[in-house]
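K.L.:
Please see the structure below; I have some questions.
Protein chains: 2
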Amino acid sequence: MHASTDSRIHATGAIAVIFAAQHSGQDAQGYAVAASAMDALAAQQPGYLGMDHAGGADGFGITVSYWADDASAKAWRDNPEHRAAREAGRDRWYTHYTIHVARIERGYAWP
Amino acid sequence: MHASTDSRIHATGAIAVIFAAQHSGQDAQGYAVAASAMDALAAQQPGYLGMDHAGGADGFGITVSYWADDASAKAWRDNPEHRAAREAGRDRWYTHYTIHVARIERGYAWP
Chain A
853 MHASTDSRIH
863 ATGAIAVIFA
873 AQHSGQDAQG
883 YAVAASAMDA
893 LAAQQPGYLG
903 MDHAGGADGF
913 GITVSYWADD
923 ASAKAWRDNP
933 EHRAAREAGR
943 DRWYTHYTIH
953 VARIERGYAW
963 P
Chain B
853 MHASTDSRIH
863 ATGAIAVIFA
873 AQHSGQDAQG
883 YAVAASAMDA
893 LAAQQPGYLG
903 MDHAGGADGF
913 GITVSYWADD
923 ASAKAWRDNP
933 EHRAAREAGR
943 DRWYTHYTIH
953 VARIERGYAW
963 P
């Protein structure tokens, strides 16, 4: 969930999981370690297509992960290590977050 | 398209437009003026539900705008001032961007 960009257009019917979080600023090192570990673990999951992340000094970040289908997005949600990381996030790293799961209808890239 | 956060959960069936852009760093002042103007103009459009934006020093930013239905998302895409801003973006502000239009299937907020 660190600086990473994915310039691909994902197919119609793929799933985008939009995670928007206000960071607390607490335990920044622990967050950084876990975020890198989660990035690597997500990339190993069946159906993983890619991830975009942006975040700034104001502590607000958006991560969009892309999945081949809803089953793979749900399997990642239910992954035990990912669950544990989310619990740590609620305990320490985030003050608020929203998640929207959405099905891609169309995409464009420039150039 | 500036620092703005929307902590609401949007309804199933609403549309999320995910705009992920690498900024060129050129004409930063012109970008800032246009981004504020586009934020204000978007908020006046029928069907506008809200917007999240995150971006950092690396120049990569993600803006997610939420719309009541696909018709309102398309009307914003076709808005003449918005079109002109996108043209300026391709000319000066961005080196690359992707747009995914996706239909929300479920959402969660914490806390």
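Residue numbers (my numbering), protein chains in the order written: chain A, 853 to 963; chain B, 853 to 963.
Backbone N, C-alpha and C fix where the C-beta goes; we use that ideal spot for every residue, glycine too.
Being a predicted model, the structure only gives us computed values, none of them experimental.
Answer with yes or no whether the minimum CB distance from residue 928/B to chain A is below 8 Å.
P.N.:
It does not: the Cβ of residue 928/B has no partner Cβ on chain A nearer than 8 Å.
K.L.:
Is residue 874/A helix, strand or coil by DSSP?
P.N.:
Three-state result, residue 874/A: strand.
K.L.:
So for residue 924/B, helix, strand or coil by DSSP?
P.N.:
Reduced to three states, the DSSP call for residue 924/B is helix.
K.L.:
Spatial neighbours of residue 870/B within its chain, please: CB distance less than 6 Å, with the 5 preceding and 5 following residues excluded, ordered by chain position.
P.N.:
Same-chain partners within the cutoff: 916, 952.
K.L.:
For a test of the three-state rule: what should DSSP assign to residue 906/B, helix, strand or coil?
P.N.:
Residue state, collapsed to three classes: strand.
K.L.:
Would you decide whether residue 936/B is buried or exposed? Buried here means 16 or more other CB atoms lie within 10 Å of its CB.
P.N.:
When all chains shown are included, residue 936/B counts as exposed.
K.L.:
Specify whether the stretch 931-945 of chain B and the stretch 876-890 of chain B touch according to this definition: at least 3 beta carbon pairs, one from each stretch, less than 8 Å apart.
P.N.:
Segments in contact, yes.
K.L.:
For residue 955/B, which residues of its own chain have a beta-carbon under 7 Å away from its beta-carbon, when the five flanking residues on both sides are left out?
P.N.:
Hits under 7 Å: 865, 867.
K.L.:
Report the CB separation of residue 914/B from residue 906/B in whole angstroms; it is logged as a contact under 8 Å.
P.N.:
With 8 Å as the limit, residue 914/B and residue 906/B qualify as a contact, their Cβ atoms being about 6 Å apart.
K.L.:
Near residue 877/B, which residues of its chain fall below 7 Å by C-beta distance, leaving aside the five closest residues on each side in sequence?
P.N.:
Correct list, in chain order: 911.
K.L.:
CB residue 902/A to CB residue 860/A, shorter than 8 Å?
P.N.:
Taking 8 Å as the Cβ cut-off, residue 902/A and residue 860/A qualify as a contacting pair.
K.L.:
Can you list, in chain order, the residues of the stretch 917-947 of chain A whose Cβ is nearer than 7 Å to any Cβ on chain B?
P.N.:
Result list: 942.
K.L.:
Closer than 7 Å by beta-carbon distance: list the chain B residues that pair up with residue 862/A, in chain order.
P.N.:
What residue 862/A touches in chain B: 952.
K.L.:
Mark residue 919/A as exposed unless 16 or more other C-beta atoms lie within 10 angstroms of its C-beta, in which case mark it buried.
P.N.:
Its Cβ being crowded by 16 or more others within 10 Å, residue 919/A is buried.
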